[in-house]
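Q: There's a structure below that I have some questions on.
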Amino acid sequence: MGGFRLSSGGRVDRSRRMDVRFDGRGLQAHPGDTLASALLASGEDIVARGFKYHRARGIYSAGVEEPNAYVHLRQGARHEPNARATTSEVFDGLCATSQNAWPDVRLDIGAVTGYLSPFLSAGFYYKTFVGPFKGTRFWMICESFIRKAAGMGRGIKVSDPDSYEKVNAFCDLLVVGAGASGLAAALTAGQAGADVILVEQDFELGGSLLSQPVGGVCDDWLAAVKSQLNDLPNVRILTRTTAFGAYEQDVYGLVEHVSDHLQAPENNQPRQRYWLVHTKQAVLVTGAIERPLVFANNDLPGVMLAGSIQSYANRFGVLAGQRIVLCSNNNSAYQVAVQLAHASADVTLVDARPDMPQDVADMLAKAGVTIMTGKAVIAAKGRRGVTGAMIVPVDKTGKATGVPVRVACDVIGVSGGWSPVVHLWSHRFGKPRFDEAAAAFVPGDIGGETVQCAGRMVAAQTLGERIDSGIGAAKATLNALELKPSGTSLPATPEIQLDTGWSQDMLAIWAITDATRMTKGKAFVDIQHDVKLSDLDQAYSEGYVSVEHLKRYTTTGMAPDQGKTSNIITLARVAELSGKTIPNTGTTTFRPPFTPVTIGALVGHEHGEHFAATRMSPIHDWHMKNGAVMSEAGAWMRPWYYPEGNESLREAYIREAAHVRKHVGIVDVSTLGKIAVQGPDAAEFLNRVYVNGWKTLQVGRLRYGVMLREDGFVMDDGATARLGEFDYFMSTTTANAAKVLALSEHLLQTAWRDLKVHVTSVTDQWAAFAVAGPKARDLLQSVLSGADISREAMPNNHFVTGEIAETKVRLHRMSYSGELAYEIYVPSGFSRHVWGCLIEAGKAFGLRPYGTEAMGALRIEKGHVAGPEIEGRTTLKDLGLAGFASSKKPFVGSVLKDRPVLVDPARATLVGLSVKGETGAVAGSLIYGAGQPKQGHGEGWVSSTTYSPALGHPIALALIQNGKARMGEDVQVVNHLENQTLMAQIVSPYFFDPKGERQNA
Amino acid sequence: MIRIDCPVCGIRDESEFTYGGDATVVRPAMGEAALKPWIDYVFMRDNPRGAHREYWHHVVGCRQWLVLERDTLSHMVGTCSLARDAA
Amino acid sequence: MSHYSAFSVFRNALTGNRQWPRAWRDPHPKPEYDVVIVGAGGHGLATAYYLAREHGIHNVAVIEKGWLGGGNTGRNTTIVRSNYMMPGNTMFYERSMKLWEDLSQDLNYNVMISQRGQYNLCHSPAQMDAARRRGNVMRANGIDADLFGRAEVKRRLPYLDYSASARFPIHGAIFQSRAGTARHDAVAWGYARAADRQGVDIIQQCEVTGYIWDDGKITGVETTRGPIRAGKVGLAVAGHTGHLADMAGLRLPIETHVLQAYVTEPLKPLVDTVISFGAAHFYVSQSDKGGLVLGGDLDGYNSYAQKGGLPMVEHTLASAKALMPSVSRLKLLRHWAGVMDMSMDGSPFIAKTSIDGLYLNGGWCYGGFKATPASGWCFAHTIARDEPHKDNAEFTLNRFERGYQIDEKGVGPQPNAH
């Protein structure tokens, strides 16, 4: 090999040299280069090592299909593994290093695995590592070595310093691909007034036109079309943007590489931008990828796709080598040969077909190309790069019919035809169709309502055909969009010499072998995953005959390039082995993304604290200022406890709970779900969704209610107040608010359409505080005006409206803590003000805030159930709530709650545990009878635990089989995980003040 | 991406909706006391491979429950109506 | 040389790897079998293998409309674990775990069981309590489990997000050290090869088009390759159970949903265990080839299409970055989808149906892969003996009528929430 920069030509700016390094060595790089063209220009033959055998690998292509040239890009926190050199633009300061090689790619110790290759045949790990003894140990030892050897790039464990953003875009027409036909399509539609987005993955528009010599007719056409497009305000052009996936209903995922061509993003731009494009119509013009021909040592540095050699010469001004052998089975190599010869290379065209049209032969001869027909390359020669090609006469199937002759060369260009890039079409519509003439898969006949395909993607051959197909596709979409073509025309199609396409007279061969279909030396089908022809043959002979089996068994096509150059060859080989045609053998299932997409790009801003929305009470700031430790409750943040000094959680909650029982405390319960239930049938609605009856509830009163799921298990509980004749205010638990609302809406809009009821979430409109403790009334009387809350005037389950600090509030008298308690409902916007006034006024009464942990301690002392008990598998009976259920009316779940297993008297039911000793039990412990073995699922489990400040010892709530009948029994409370066994006595769950004297005080 | 033509809000992405399952199951009358109709309603599904009438809740939009016709094999979407108007 | 070992690999290498025998035959269907299993995924093949090995029933066919192992067996995220809490589940999955541990030797095929451990992260005190209950049930049933606090999790998995900006802070984790991953394709191939050696006919490219009925009893299947009579017919076609049950006139408590999986580009070792996020449905491990394998939630709607949408892709990747911020610059290589039988309580069915001669294995929800060995074991027992094994006794079709819902998550009869 030995690439070098030509003295002229190419689309790079030779006047500027950029600082670009590979493995520490400086490269000759100019603006307009890719990392691959800079590597090639600098004579870097070996840029990577193979996945399995660590063979030397060079640049193979000039695009997204590249199997070899993957590198580590950038350093530090911006390190990126598996960056494709062929599509990475150079920038000043670019620093790339090689992957999967030690000490480096030039001298990689791992290459010794090449000697072991006979033992590393297809599926060897399924056979070799069965292991000599039972268990998984043997394999896991082997695996630890295999894992280190596998993988490609090295990931890092540092957070990404760059940002990403997401855009939702809408348009009439999305054109994917800005080659000749895509540009023609975009211009045609744009001139007709369509709202067009044109997407190009390259940093320049033009596609294959960029690989034509600089200054030619193509450049004129390109310049004219670009200028016309730029004049159209209704055409948005996105370069450096990959359409990675096509999804249902004409939604496309795009990633725009906004800053990847810079050392770091500038001007507060994101690194990449994810576009979610919703379009009415799409024209896919994604081109075609050249196919290799397979022969022995076809992975040597210097073996390249023929078209890529042309691209490097014409676009980047880099000649991959001085002596080039082109091996081809189709006409597309003619033009390459001539142009390379014009670029001063010594070119030999080896054409597998026996004949060549005379006019072509004349043209090639005139350009100085040596021609060999009826022949092909059967092996590449060289150790670290190509030094020669073994050329042999071949028959129509690619089998050698004579003796190979060595031709000295430093580059072998291969062209086995072209594969249309049908990926996006296939994401949407599935299996493509095989076009016999082009010997390639093309889009099938479905999807035309919203998706048109054009250009090389539909195997259009000459430039004229490609441009016409682009125009035709655009016109079809205009028709669907009910827009008229404008009548303006495109510039005349440029005439290119030897613009032949590939399909005419193509000889559809894929591999060059000896007469027995073998190769001397490794012949790679999937160069990136080191899968050889012989691996396919072996897998087939072992019975892995379906393409799906064979791919998985050999891993062909599963590397980062996703088989862009290898899939069709695999299919062709299997077809040959099975004696079937390619379409009868199978197709590749194309799955998004087209090329790998950065995870961060699809995440956008939704990471860190923005991963999910955070809901905060309107009092949140006060909690933070006053030292609350917060905890998560679904999306909500709630004060967990307010430590004083160095208090632990335990010390704090015991103090807070005890304070409530002795003085007065205030807790923010704004997170409770609140639903306005309004309408003439509101009472009937409540009667149906709650297990208890609502028809007798008077205005001014409230009532506790329990709801079941449709399947009869307990779903939620809470209090509902009757504000007016047709106006109820329902509260739900924090966790279930959304579920209760959605179910209510569902029932009202489907099965219960006859009920005149509206349900509206008012959770965010109302803040709520519970003020609890013996001094609660005294405190509230000192601040409340406009209402009488005396014991006589306002018993439990009543509410009043009044004013606190000139703010209208509603006071519900109800108790969760078991103390004299009120819930104060305040419009959210005024709640911080009211809370502040209460705190201020409360000083005289010893008011202290308390958190959810103390709230939990208080409710456990009272035996109230909460989330840990209403865990989706418990019934009314299990929780001791059966008494609430009305027998006089049906309600949601009323029939299914009585299924046999659910009424089994032996079911675990709610009990209290008086836990012996000081340490206390932990929730999630299991219950076993005294003296019983501590095995199996146990006789029950501990749902909630606390130290009871009121009782002075630890207590717990538990669900225990046949629990109600076992009062007074001693049981073992076992936490196997943390090695704790405690004794406890089964008691009533209503530990404290079971008669409710305190809350009725 | 499934896009749903909400009769109230217009065409929106699926991420605005939550799925509510088969819309052909009929909830028994409130007074139904037999077990079987409730088992059928809550648990049993036709689960067709093809045309499906299904509930979607426009949960971050108009909060209406919708009935959408959609093919479970092709994901093609047909008409969409308000559940309260559905037959 | 049909026995696989390091020695056989060496011997075959000397002959250019051209002497390997076929892994399984490609037989024509016989007119009649003792048992026909529909579906040559892991479950169906395992069932056939255990029918032969454990019950001496060798005259068995496994028929498959596509290629063996081409459904969910080859589309999942390969996690194996036995951390189930509900009676009816716990010992079933532990049987599976025990079978996994010796499976490579049983089958003489390395299915790459890698017991690299699995962490279920907890993000609130309530989640820690729920994890403790689960872990205690596991321990008390002889299954390994550990509960770790935040500090221990941070020591073991330092690359997760412990910063103050983490939306859902990590409080701790429950860990099963025997859990891990297996090579999914190898499970299908290993069972296929072992079943084939027991005389089982594996008939691919053979689609069931109907049943053969005899006086209200099913006595075989009509297929695209002709009728095949059978003493008993077992369905093991998770994802398509609804379709095949419908042909038999059965209505089931199952919805079919689509679940996506994701893999990144291959990387040198980065994650050496299996981690499940507790704040969203998300899990990650790293394959032996080096790709990070990511799993997330269902797309959420009934679907038989093996493709999913972008909203779930975005959400799953966001979960990945929330859990492990350094994945941000890594690249997603591929995302694909499988169709799942989602049952109404999240647990499967392995049972005789109400139709004589028809047996059902399905409703696997997400959990089918890890269950493969025990599923085959128990289904074989149920078919051979006409009664369930004790480990699948609760996986009946009538459990909803009885009120015995095996609901590990406690979310109720909402298939897309399990």
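Same order as they appear, the protein sequences are chains C, E and A. Following our numbering, the numbering of the first sequence begins with -11 at its first residue and continues without gaps. Following our numbering, the numbering of the second sequence begins with 21 at its first residue and continues without gaps. Following our numbering, the numbering of the third sequence begins with 5 at its first residue and continues without gaps. No residue lacks a Cβ here, since even glycine has one placed at the ideal position from N, Cα and C.
1) In terms of alpha-carbon separation, which member of C:P815, C:H800, C:K40 and C:R259 lies closest to L104 of chain C?
2) The beta strand (DSSP E) with H339 of chain A in it runs from where to where?
3) Does chain A have any CB closer than 9 Å to the CB of S101 of chain E?
4) Just to make sure I have the definition right: I need the residues of chain E whose C-beta is within less than 8 Å of the C-beta of T260 of chain A. Which are they?
5) Tell me which same chain residues have a C-beta within less than 8 Å of the C-beta of G275 of chain C, skipping the five on either side of it?
6) Counting C-beta neighbours from all protein chains within 10 Å, is the total for Q516 of chain C 16 or more, i.e. buried, or is it exposed?
7) For A832 of chain C, count the other beta carbons within 10 Å of its own beta carbon; 16 or more makes it buried, fewer makes it exposed. Which is it?
8) My understanding is that A671 of chain C touches K683 of chain C, with C-beta atoms under 8 Å, so please give their C-beta distance in whole angstroms.
9) Less than 8 Å between the CB atoms is what I'm expecting for L524 of chain C and V562 of chain C, so what's the real figure, rounded?
10) To which residues does DSSP link A17 of chain C through a beta bridge?
11) Which first and last residues belong to the beta strand (DSSP E) in which W754 of chain C is found?
12) Quickly, what does DSSP pair Q949 of chain C with across the bridge? List them, please.
13) What does a CB cutoff of less than 6 Å around G851 of chain C pick up in its chain, not counting 5 residues either side in sequence?
14) In or out: L18 of chain A buried (at least 16 other Cβ within 10 Å) or exposed?
15) Mapping DSSP to helix, strand and coil, what is L3 of chain A?
16) Does the beta carbon of V62 of chain E sit closer than 9 Å to a beta carbon anywhere in chain A?
17) DSSP state of M5 of chain A, grouped into three classes?
18) Determine the DSSP secondary structure at N467 of chain C, reduced to helix, strand or coil.
19) Going by beta carbon distance, what residues of the same chain come within less than 8 Å of N222 of chain C, once the five residues before and after it are set aside?
20) Residues of chain C with CB under 9 Å from L88 of chain E, in chain order?
21) Closest to T576 of chain C by C-alpha separation, out of C:T583, C:A589 and C:T558, would be which residue?
22) Pull up the distance between the alpha-carbon of Q949 of chain C and that of G119 of chain C, whole angstroms please.
23) Mind checking whether V357 of chain C and V513 of chain C have CB atoms under 9 Å apart?
24) Give a yes or no on whether 9 Å exceeds the smallest Cβ distance from F373 of chain A to chain C.
25) Measuring only between beta-carbons, confirm whether H339 of chain A sits less than 9 Å from chain C.
26) Of all Cβ atoms in chain A, is any one closer than 9 Å to the Cβ of L288 of chain C?
27) Relative to the C-alpha of N680 of chain C, which residue among C:F872, C:L729 and C:E811 is closest?
28) Does the distance from the CB of G46 of chain A to the CB of F373 of chain A come in under 9 Å?
29) Does the distance between the C-beta of I225 of chain C and the nearest non-hydrogen atom of the ligand COA fall short of 8 Å?
30) Cα separation between G102 of chain C and H42 of chain C?
31) Using 9 Å as the limit for Cβ to Cβ distance, is F1022 of chain C near chain A?
32) What's the gap between the Cα of L86 of chain E and the Cα of F286 of chain A?
33) Using only the alpha-carbon positions, how far apart do M782 of chain C and R820 of chain C sit?
34) State the Cα-Cα distance for the pair D439 of chain A and G350 of chain A, rounded to the nearest angstrom.
35) Quick one: measure Cβ to Cβ for S49 of chain C and L293 of chain C, integer angstroms, because I've assumed they're closer than 8 Å.
36) So, with DSSP's three-state summary, where would you put G924 of chain C?
A: Taking the geometry as given:
1) Nearest of C:P815, C:H800, C:K40 and C:R259 to L104 of chain C, Cα basis: C:K40.
2) K335 to S347
3) no
4) N67, R69 and T92
5) Correct list, in chain order: G165, G167, G195, S196, P408, V409, G443, R444 and M445.
6) buried
7) exposed
8) 5 Å
9) Indeed they touch by this definition, with Cβ atoms about 7 Å apart.
10) C:M6
11) W754 to A760
12) C:A896
13) P977 and Y978
14) exposed
15) The first residue shown for chain A is 5 and the last is 422, placing residue 3 of chain A beyond what the model contains.
16) yes
17) Confidence is the limiting factor: at M5 of chain A the pLDDT is only 46, short of 50, which leaves the residue's position unreliable and the question unanswerable from this model.
18) Three-state result, N467 of chain C: helix.
19) G178, G181, A182, D183 and V184
20) The contacting residues do not exist; L88 of chain E stays about 12 Å from chain C at best.
21) Checking every option, the nearest Cα to that of T576 of chain C belongs to C:T558.
22) If you take the alpha carbons of Q949 of chain C and G119 of chain C, they lie about 47 Å apart.
23) no
24) Look at F373 of chain A: its C-beta is not under 9 Å from any C-beta on chain C.
25) Closer than 9 Å to some Cβ of chain C, the Cβ of H339 of chain A qualifies, so yes.
26) no
27) C:F872
28) yes
29) Here there are no bound small molecules, and the ligand COA is not part of this structure.
30) In a straight line, the C-alpha of G102 of chain C is about 7 Å away from that of H42 of chain C.
31) Because chain C spans -11 through 989 in this model, residue 1022 of chain C falls outside it and cannot be assessed.
32) 29 Å
33) 26 Å
34) Outside the displayed range of chain A (5 to 422) lies residue 439 of chain A, so it cannot be described from this structure.
35) Your pair S49 of chain C and L293 of chain C checks out as a contact, with CB atoms roughly 5 Å apart and the cut at 8 Å.
36) coil
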